[in-house]
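Numbering (this note's numbering), first residue to last: 149 to 393. In this text, a Cβ means the ideal position worked out from N, Cα and C, and glycines have one as well.
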Amino acid sequence: MKEIVTVQVGDFANFVGSHFWNFQDELLGLAGDPSADSVFKNQDLNMDVLYRTGETQQGIPSYTPRLVSINLRGSLGSMNSHGTLYTEVASTSQDVVTWTGRVSTQASEPFKRNLFLQRLYEEEENSNINEIPGSNDSRTEYEDKDIIECLENDVQFWTDYSKVHYHPRSLYELDRVWANVEEFNNYGIGRDSFAWAAQGEEISDRLRFFVEECDHIQVTTFHFSNLVVESVGYFSCIALAVVVR
149 MKEIVTVQVG DFANFVGSHF WNFQDELLGL AGDPSADSVF KNQDLNMDVL
199 YRTGETQQGI PSYTPRLVSI NLRGSLGSMN SHGTLYTEVA STSQDVVTWT
249 GRVSTQASEP FKRNLFLQRL YEEEENSNIN EIPGSNDSRT EYEDKDIIEC
299 LENDVQFWTD YSKVHYHPRS LYELDRVWAN VEEFNNYGIG RDSFAWAAQG
349 EEISDRLRFF VEECDHIQVT TFHFSNLVVE SVGYFSCIAL AVVVR
């Protein structure tokens, strides 16, 4: 087997990538479904090429995409940058006080899961506790038409329709650049963002993490927003920097 590491850079790439991983997730589900067509149980279809096996903090086996996704801070919607399988550990470091004047804090409310994600997580929780068939289900019921309407009209982020669990090292948000707040619209800004402090090295470390655990890596697959849409853009600089490294 020869493994593939996927890199998605920018909004467009991550929106497309979310559809791609949803499709892979469907194939995984059908391969394990006894009632599904036998074509989905093809032994030649080896999902380990794109996925990696691991273990959660609770010792539960995990199967996540071998992926590094790069985007602006605040572009993940209701999803945490650590993914959904692992609990983020709060920092215990104490801030050094260097200012004795008044301080004001401005914080936005976290995004809530839409109806599609709410149903998805409720179904997963119910399957984990192995409910008895025919027993009363206390979960919230959503009409299919409401779910469809939600996906047609209320999608703001690529995570709004993502069904997949991601590894904590997969989702990377660029520091100092916020989605829908600051302009990130030219090559120079992208270059400066990648070069700022240790940000470029941190991205490289995440890619290296997935590459080094491969036995026989086949290729690193790149999905770039601006290399697809235009010849030179803000994310193209970051994408090219990752390739060079």
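How close, in whole Å, do the beta carbons of residue i and residue j come, if the pair is a contact with beta carbons under 8 Å?
i, j, result
"residue 261", "residue 226", "5 Å"
"residue 216", "residue 320", "7 Å"
On the DSSP bridge list, what partners appear for residue i?
i, result
"residue 219", "321"
"residue 202", "210"
"residue 312", "Its beta-bridge partners do not exist; DSSP assigns none."
"residue 326", "221"
From residue i to residue j, what distance separates their C-alpha atoms?
i, j, result
"residue 269", "residue 232", "10 Å"
"residue 163", "residue 306", "5 Å"
"residue 151", "residue 364", "6 Å"
"residue 295", "residue 264", "5 Å"
"residue 161", "residue 248", "44 Å"
"residue 298", "residue 177", "24 Å"
"residue 398", "residue 358", "In the structure as shown, the chain begins at 149 and stops at 393. Residue 398 is therefore absent and cannot be evaluated."
"residue 202", "residue 257", "32 Å"
"residue 187", "residue 149", "21 Å"
"residue 224", "residue 325", "13 Å"
"residue 153", "residue 300", "31 Å"
"residue 220", "residue 182", "41 Å"
"residue 362", "residue 253", "44 Å"
"residue 355", "residue 204", "20 Å"
"residue 193", "residue 179", "9 Å"
"residue 175", "residue 196", "13 Å"
"residue 291", "residue 185", "28 Å"
"residue 246", "residue 293", "54 Å"
"residue 240", "residue 251", "For residue 240, the pLDDT reaches just 45, beneath the cut-off of 50, and the residue's location in the model is therefore unreliable, leaving the point undetermined."
"residue 275", "residue 208", "14 Å"
Measuring alpha carbon to alpha carbon, tell me which of the options ends up nearest residue i.
i, options, result
"residue 172", "182, 198, 153, 184", "198"
"residue 158", "352, 327, 348", "327"
"residue 169", "210, 205, 214", "214"
"residue 206", "267, 234, 186", "234"
"residue 352", "317, 324, 362", "317"
"residue 212", "302, 257, 230, 221", "230"
"residue 349", "180, 322, 291", "322"
"residue 166", "202, 355, 303, 272", "303"
"residue 267", "184, 308, 153, 203", "308"
"residue 272", "196, 184, 324, 313", "313"
"residue 218", "291, 347, 360, 274", "347"
"residue 210", "356, 189, 315", "315"
"residue 259", "275, 228, 246", "228"
"residue 222", "292, 196, 185, 255", "255"
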